[in-house]
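Peer 1: There's a structure below that I have some questions on.
Numbering (the numbering used here), first residue to last: 177 to 509.
Below, the structure is given as structure tokens:
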């Protein structure tokens with residue numbers, strides 16, 4: 177498994193506004209050690225998390241209906257919008273970062289959240305049909321591989337791609353609380369082994385879940401390289417599972433600043449949740465930076481452009497604290 181850069185900062189994915197070139201400049205300026213291709217959902221249909229990823233699916237075209245995204249018989253206008261947004265983004269990435277050398281993070285909606293959002297042609301959500309979920313996962317894995325290959329072709333200096341699967345719906349999938357398309361019922365809970373099996377189709381991804389009850393044990397068993405969470409949602413009861421995660425060499429992407437405009441404290445305060453967790457678990461100080469990446473709590477689409485830049489800068493400065501003074505930070509915490 178490739179490694180994530182030590183003690184760095186990055187973003188979750190989404191940014192405010194519609195200027196993709198400016199968003200890319202901000203990312204490469206503020207988190208240059210682990211930059212990412214930003215997403216701009218304000219651009220409309222096909223730029224949202226589900227539509228953007230659905231455009232990558234192989235042989236599974238989608239369209240927008242009043243109820244949301246749905247499988248269709250053939251690619252149409254909505255599918256084309258998704259492709260156009262992604263094409264512009266990759267063109268912009270090549271323009272801004274043509275001479276970049278280092279790792280790059282790409283984000284897509286994970287298969288389980290996607291299956292809970294896309295409907296079958298004449299029925300319920302894809303999540304209701306195990307065969308449809310298998311087809312969706314295989315299609316997504318191939319589409320993501322093609323997407324990563326295209327980015328590598330455009331940016332030959334990229335040393336590795338860190339793939340992030342956005343799975344905010346995963347806890348509900350496992351708990352059996354995802355509503356049916358009608359909204360009157362709930363879809364059956366999915367067995368953990370099925371989720372593990374699906375995640376192994378991707379190349380050691382980082383799984384982002386900004387919801388309560390993140391299934392840390394399942395993700396560790398699936399062999400993910402990292403888990404991305406909102407620090408504010410972590411509870412003491414998660415400590416044992418997090419300790420096992422760290423012992424397995426998994427990296428924690430910890431959301432330490434709000435995703436919407438707020439007052440940003442000093443770097444030491446921003447880093448404090450990571451420092452306190454590491455100290456509480458009893459690990460050696462010099463390992464802190466190796467297994468912690470600092471991020472905003474979630475995407476920045478609901479923030480102002482000024483705050484989005486400041487939030488990334490705050491994470492980068494806090495990550496410097498983890499790198500430079502891990503022992504002092506642990507003692508001061």
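The C-beta atom is built at its ideal place from N, Cα and C for all residues, glycine as well.
Note that the structure is predicted; figures quoted are calculated from it, not measured.
Short check: CB of residue 354 to CB of residue 363, under 8 angstroms?
Peer 2: Yes, the pair counts as a contact, with Cβ atoms nearer than the cut-off.
Peer 1: Just to confirm, is the Cβ distance from residue 392 to residue 375 under 8 angstroms?
Peer 2: Cβ distance not < 8 angstroms, so residue 392 and residue 375 don't count as in contact.
Peer 1: Can you name the start and end residues of the beta strand (DSSP E) that residue 353 belongs to?
Peer 2: Per DSSP, residue 353 belongs to no beta strand (DSSP E) and is neither H nor E.
Peer 1: So is residue 445 buried or exposed if we call it buried at 16+ other beta carbons inside 10 Å?
Peer 2: Burial call: exposed.
Peer 1: Between which two residues does the beta strand (DSSP E) harbouring residue 404 extend?
Peer 2: Unbroken beta strand (DSSP E) run through residue 404: 402 to 406.
Peer 1: Note the first and the last residue of the continuous alpha helix (DSSP H) segment covering residue 239.
Peer 2: Counting along the chain, residue 239 falls outside any alpha helix (DSSP H), though it belongs to the beta strand (DSSP E) covering 238 to 241.
Peer 1: Using a Cβ distance threshold of 8 angstroms, determine whether the stretch 313 to 326 contacts the stretch 248 to 260, with at least three qualifying pairs required.
Peer 2: Touching, no.
Peer 1: Assuming residue 229 contacts residue 285 under a Cβ cut-off of 8 angstroms, what Cβ separation, rounded to an integer in Å, is found between them?
Peer 2: Sure, about 4 angstroms apart at Cβ, within 8 angstroms.
Peer 1: Going by DSSP in three states, residue 467 sits in which element: helix, strand or coil?
Peer 2: In this structure, residue 467 counts as helix in the three-state DSSP scheme.
Peer 1: With DSSP run on the structure shown, which of helix, strand or coil describes residue 448?
Peer 2: Helix at residue 448.
Peer 1: If I measure Cβ to Cβ from residue 378 and keep anything under 8 angstroms in the same chain, skipping five residues before and after, which residues do I get?
Peer 2: Once the five neighbours on either side are set aside, the close Cβ partners of residue 378 are 317, 320, 339 and 341.
Peer 1: Note down, in chain order, each residue of its chain lying with its Cβ closer than 7 angstroms to the Cβ of residue 513, except the 5 sequence neighbours on either side.
Peer 2: There is no way to answer for residue 513, as the model of the chain reaches only from 177 to 509.
Peer 1: Please report the straight-line C-alpha distance between residue 278 and residue 249, rounded to a whole angstrom.
Peer 2: Answer to the nearest angstrom: the Cα atoms are 40 angstroms apart.
Peer 1: Considering only residues of the same chain and omitting the five flanking positions on each side of residue 184, which have a CB-CB separation below 7 angstroms?
Peer 2: Correct list, in chain order: 209, 210, 469 and 495.
Peer 1: Could you tell me whether the Cβ atoms of residue 490 and residue 440 are closer together than 8 angstroms?
Peer 2: Against a cut-off of 8 angstroms, the Cβ pair of residue 440 and residue 490 comes out as a contact.
Peer 1: Just confirm the distance between the C-beta atoms of residue 472 and residue 200, as a whole number of angstroms; I'd bet it's less than 8 angstroms.
Peer 2: So it is not a contact: roughly 17 angstroms between Cβ atoms.
Peer 1: How big is the Cα-Cα spacing for residue 463 and residue 193?
Peer 2: Looking at the two C-alpha atoms, the distance is approximately 38 angstroms.
Peer 1: Would you kindly check if the distance between the Cβ of residue 293 and the Cβ of residue 244 is under 8 angstroms?
Peer 2: Result yes, Cβ atoms of residue 244 and residue 293 sit closer than 8 angstroms.
Peer 1: With respect to the alpha helix (DSSP H) encompassing residue 384, which residues constitute its N-terminal and C-terminal limits?
Peer 2: It is not in any alpha helix (DSSP H) - residue 384 instead sits in the beta strand (DSSP E) that spans 382 to 384.
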